[in-house]
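These notes concern the structure reproduced below.
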Amino acid sequence: MSLFDKSELRLTGRFLLKNKLSLAGGVIAASYLVLALLISLFGDRLLPYNPYVQNFAQTLLPPSPSHFFGTDDLGRDIFSRIVAGAPLDAQIAFIVVLVSLSLGGSLGAFAGYLGGHVEEVVMRVTDVFLSFPALVLAMAVAIAIGPGLNHSMMALLVVWWPWYARIARGEALTIKNSQYMEAAHAAGLKDIQVVIRHVLPNVLMPLLVYATLDISNVVLTGSVLSFIGLGAQPPTPEWGRMVFDGEDYLSTAWWMSILPALAIFIVVLAFSLFGDGLRDAFDPKLRRR
Amino acid sequence: MRYHLNDPVYLQYYYYVRGLLSGDWGISPVSGQPVLDNLSAFFPATLELALFSIIIAAVLGIPMGVYAAVHQDKSIDHIVRLFSLGTYCAPPFLMALLLQLVFCYWLKIFPTGGRYDPFIQEPARITGFLILDSMLTGNFQALSAALVHIALPALSLALITFGLIARITRSSMLEVLRQDYVRTARSKGLPERLVIFKHALRNGMTSVVTVLALLFAFMLSGAIVIEYIFNWPGIGRYAVQSILALDLPSVMGTTLVFTVSIVVVNLLADIGYAALDPRIRLD
Chain A
338 MSLFDKSELR LTGRFLLKNK LSLAGGVIAA SYLVLALLIS LFGDRLLPYN PYVQNFAQTL
398 LPPSPSHFFG TDDLGRDIFS RIVAGAPLDA QIAFIVVLVS LSLGGSLGAF AGYLGGHVEE
458 VVMRVTDVFL SFPALVLAMA VAIAIGPGLN HSMMALLVVW WPWYARIARG EALTIKNSQY
518 MEAAHAAGLK DIQVVIRHVL PNVLMPLLVY ATLDISNVVL TGSVLSFIGL GAQPPTPEWG
578 RMVFDGEDYL STAWWMSILP ALAIFIVVLA FSLFGDGLRD AFDPKLRRR
Chain B
18 MRYHLNDPVY LQYYYYVRGL LSGDWGISPV SGQPVLDNLS AFFPATLELA LFSIIIAAVL
78 GIPMGVYAAV HQDKSIDHIV RLFSLGTYCA PPFLMALLLQ LVFCYWLKIF PTGGRYDPFI
138 QEPARITGFL ILDSMLTGNF QALSAALVHI ALPALSLALI TFGLIARITR SSMLEVLRQD
198 YVRTARSKGL PERLVIFKHA LRNGMTSVVT VLALLFAFML SGAIVIEYIF NWPGIGRYAV
258 QSILALDLPS VMGTTLVFTV SIVVVNLLAD IGYAALDPRI RLD
């Protein structure tokens, strides 16, 4: 299946359109990304309140028309803070997924194609990483390099790439014995040319589908990392951190922690629904039903 | 001398590994206590919580998955699928905070946290598991106090995992229900209930058991957050507190405990797999 096959894409698109839930997920996910893009381009000017400015005359106000989501213990508008935090999770998710996809994917593709010792070494290394639960290993790495937004992203990266290496290797193994591989060899291409021109493009599609589903995992794990204090530090309006800060006020001001947590939930759910639909759409067995 | 800070890194690592093997897991600079003592004090609470919630999750998830598979593509099936997707997309703190808000602060039915009522004498420590200890000593007051405290943390942990169980059960049941021997069982006139529970479920369970192991890993990660929110004195809360205090020896200890327990659970799952499916033999 080539990446740019038009009829293939059309079939996939038609399947996706029929699947209303994942379409809805896709729409929500897309609008979230647009929002994140707008905020990172135009900054806080779009928001009703400055997400950083404290106002001690208006602390812990419940949701009302002037403050949609209420205010926090320092009098900051929670709606503005949630919107201002949108680009952070998108940034974490995309960087982690894209870097894992390109690094893990090419490593796995090379390993699967070359076989032998290279494959053995790469796969045993991924085994080591995969035997840890992702969150625990990311926690350990994050604390070793110190808390912070970029550091938590690096910690996630360390944990994330082996999955992509696994998938890419599996795919590479299945296409290794195909006829066009033989043709490429017969044409006298070097190994590296074969991998770049023929293996990688064919491995890419399954990886991209997996990556769409995976965005929600990264957002979830990243939010837990920042909840336990290893991600963005205050006063950055990062959602997981906002939940953590609001947790102390749950009995008197539930909106402080529940609403950012709901924001995470909606984004994760949207990407999962979309990714699920995409995976089904690319599965020829399911599509023909 | 105590921390070997003058030595090069590889020597420090050597001392750490040597310590691990001889029962010296370092000393927490925050509490001043040996890490291993803290871990062994906190570990039973986490294990109790995880076991309790995995039972809740299995009791909720397996029947739901079976039901959805039997009624494939009906509206109940879609509801189960959406519901299970929703539960495992929820960040672990969302469930815990919602339950805490509703049942502790609004309805005031359950305590907001902790493992035990401070006003009731604790049962004698036999196993370290409060529920088991109070049952063994026949102390029903202690038992009910322990159950009331474990209810919400266990439920929130179960809620984030049961969706996965329901989903896996559903898909493996769907596969099994298409098999020839299920048709044979039906055609020889067995009641549908027997076909589903005796013939299909047992074979459908093998993949669920493998996933239970995965789930345990998932659960331990969830426990980190949920124990913190419910102030449950397990290693999850210990891990978060050590992270917030940058207490490195404790963080290393908890990471190790988490990893080892996951390896052990995976091993147990492999054994359980062979017990459920006689075609699989462990060499």
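So the protein sequences, as listed, match chains A and B. Taking the numbering used here, the leading residue of the first sequence gets 338, the next gets one more, and so forth. Taking the numbering used here, the leading residue of the second sequence gets 18, the next gets one more, and so forth. Where is the CB? At the ideal position from N, CA and C, for every residue including glycine.
Less than 8 Å between C-beta atoms, sequence neighbours within five positions excluded: which residues of the same chain meet that for residue i?
{"i": "A/D528", "result": "Y450, L451"}
{"i": "A/E456", "result": "A448, G449, R506"}
{"i": "B/L285", "result": "A230"}
{"i": "B/F120", "result": "I126, F127, L169"}
{"i": "B/L53", "result": "G40, D41, W42, G270"}
{"i": "B/L37", "result": "L273"}
{"i": "A/Y517", "result": "H535"}
{"i": "B/V97", "result": "M81, G82, Y84, A85, A183, R187"}
{"i": "B/I93", "result": "Y84, A85"}
Pull up the CB-CB distance for residue i and residue j, whole angstroms please, since I reckon it's below 8 Å.
{"i": "B/L176", "j": "B/T63", "result": "Not quite, the Cβ-Cβ distance comes to about 18 Å (not below 8 Å), so this is no contact."}
{"i": "A/L486", "j": "A/T558", "result": "That belief does not hold up - the Cβ atoms of A/L486 and A/T558 are roughly 14 Å apart, past 8 Å."}
{"i": "B/V242", "j": "A/V496", "result": "B/V242 to A/V496, Cβ: 17 Å. No contact."}
{"i": "A/I365", "j": "A/I601", "result": "Incorrect: roughly 13 Å between the Cβ atoms, too far for contact."}
{"i": "A/L550", "j": "A/G612", "result": "3 Å"}
{"i": "B/A85", "j": "B/R187", "result": "5 Å"}
{"i": "B/V282", "j": "B/F235", "result": "Contact doesn't hold; Cβ gap of about 11 Å is too wide."}
{"i": "B/A240", "j": "B/L116", "result": "Incorrect: roughly 15 Å between the Cβ atoms, too far for contact."}
{"i": "B/I182", "j": "B/I44", "result": "Wrong, their Cβ atoms sit about 40 Å apart, outside the cutoff."}
{"i": "B/A163", "j": "B/Y133", "result": "6 Å"}
{"i": "A/Y586", "j": "A/L398", "result": "In fact, because the Cβ distance is near 12 Å, the residues do not count as touching under 8 Å."}
{"i": "A/G422", "j": "A/E519", "result": "Actually they are not in contact, since the Cβ atoms of A/G422 and A/E519 sit about 52 Å apart, beyond 8 Å."}
Just to confirm my understanding: we take residue i, look at its own chain, exclude 5 residues before and 5 after, and list those with CB closer than 7 Å. What are they?
{"i": "A/L375", "result": "L383"}
{"i": "A/L510", "result": "G449"}
{"i": "A/Q395", "result": "T408, G412"}
{"i": "B/D294", "result": "T223"}
{"i": "B/A171", "result": "L66, F69, S70, I73"}
{"i": "B/Y198", "result": "H216"}
{"i": "B/G251", "result": "F59, A62, T63, L66, A240, E244"}
For residue i, tell me which candidate among the options has the shortest Cα-Cα distance.
{"i": "B/F110", "options": "A/P470, A/P388, A/V580", "result": "A/V580"}
{"i": "A/N554", "options": "A/L615, A/L606, A/D585, A/L544", "result": "A/L606"}
{"i": "B/L261", "options": "A/P399, A/P484, A/L472", "result": "A/P484"}
{"i": "B/V225", "options": "B/G145, B/A291, B/K91", "result": "B/A291"}
{"i": "A/V436", "options": "A/D414, A/W498, A/F469", "result": "A/W498"}
{"i": "B/C106", "options": "A/F406, A/P597, A/I432, A/V556", "result": "A/V556"}
{"i": "A/F619", "options": "A/L544, A/W592, A/R578", "result": "A/L544"}
{"i": "B/S238", "options": "B/I73, B/V274, B/F214, B/P208", "result": "B/V274"}
{"i": "A/S443", "options": "A/A502, A/F466, A/A367", "result": "A/A502"}
{"i": "A/L494", "options": "A/F564, A/Q428, A/Q570", "result": "A/Q428"}
{"i": "A/S588", "options": "B/L194, B/V212, B/P140, B/G130", "result": "B/G130"}
{"i": "B/V47", "options": "B/V34, B/Q258, B/Y30", "result": "B/Q258"}
{"i": "A/S609", "options": "A/G445, A/Y547, A/I512, A/G525", "result": "A/Y547"}
Which residues in chain A sit within 7 Å of residue i, going by Cβ to Cβ distance?
{"i": "B/I246", "result": "E584"}
{"i": "B/V257", "result": "I565"}
Return no unless some Cβ of chain C is closer than 8 Å to the Cβ of residue i.
{"i": "B/T186", "result": "Structure shown: chain C not included; protein chains present are A and B."}
Run down chain B in chain order and give the residues with a C-beta less than 7 Å from the C-beta of residue i.
{"i": "A/G627", "result": "Any answer about residue 627 of chain A is impossible in this case: the structure gives chain A only from 338 up to 626."}
{"i": "A/V580", "result": "F110"}
Can you pull the chain A residues whose beta carbon is under 9 Å from the beta carbon of residue i, in chain order?
{"i": "B/A162", "result": "Result: empty, since nearest Cβ-Cβ is about 22 Å, beyond 9 Å."}
{"i": "B/S48", "result": "Those within 9 Å of B/S48 in chain A number zero; the least Cβ separation is about 17 Å."}
Considering only residues of the same chain and omitting the five flanking positions on each side of residue i, which have a CB-CB separation below 6 Å?
{"i": "A/A492", "result": "A475, V478, A479"}
{"i": "B/I143", "result": "D150, L153"}
{"i": "A/L584", "result": "Correcting the residue identity first, residue 584 of chain A is Glu in this sequence and not Leu. If we look at A/E584 and ignore the five residues flanking it on each side, its Cβ neighbours are S594."}
Along chain B, which residues have their Cβ under 8 Å away from the Cβ of residue i?
{"i": "A/I601", "result": "P108, L111"}
{"i": "A/A477", "result": "V268, M269, T272"}
By the criterion of Cβ-Cβ separation under 8 Å, what are the contact partners of residue i in chain A?
{"i": "B/F179", "result": "Residues of chain A passing the Cβ test: none, with the nearest at roughly 16 Å."}
{"i": "B/L237", "result": "P470, V473"}
{"i": "B/V242", "result": "V561, F564, I565"}
At a cut-off of 7 Å, would you count residue i as near the ligand COA, judging by its Cβ distance to the nearest heavy atom?
{"i": "B/L169", "result": "The ligand COA is not part of the structure shown, which contains no ligands of any sort."}
**Prompt:** Which residues, in chain order, does the region 122-135 of chain B contribute to contact with chain A at a C-beta distance below 7 Å?
**Reply:** Y122
**Near-chain B residues of the region 481-509 of chain A (beta-carbon distance less than 7 Å), N- to C-terminal order** = none
**Prompt:** Relative to chain A, which residues along the region 105-118 of chain B have a C-beta separation below 8 Å, given in chain order?
**Reply:** C106, A107, P108, P109, F110, L111, L114, L115, Q117, L118
**Item:** Residues from the region 421-440 of chain A in contact with chain B, defined by Cβ distance under 8 Å
**Value:** none
**chain A contacts from the region 224-235 of chain B (Cβ-Cβ distance under 7 Å)** = A234
**Message:** What are the residues in the region 587-598 of chain A lying within 9 Å of chain B by C-beta distance?
**Reply:** L587, S588, T589, W591, S594, I595, A598
**Message:** Short of 9 Å Cβ to Cβ, which residues in the region 265-279 of chain B face chain A?
**Reply:** L265, V268, M269, T271, T272, F275, T276, I279
**Asked** When Cβ atoms are compared, which residues of the region 78-108 of chain B fall closer than 8 Å to chain A?
**Response** L99, L102, G103, C106, A107, P108
**Prompt:** For the region 606-617 of chain A, which residues have a CB atom closer than 8 Å to at least one CB atom of chain B, in sequence order?
**Reply:** L606, S609, L610, D613
**Asked** Residues in the region 548-565 of chain A with C-beta within 7 Å of chain B's C-beta atoms, listed in sequence order?
**Response** S553, L557, S560, V561, F564, I565
**Prompt:** Name the residues in the region 515-542 of chain A whose C-beta lies less than 7 Å from a C-beta of chain B; which are they?
**Reply:** none
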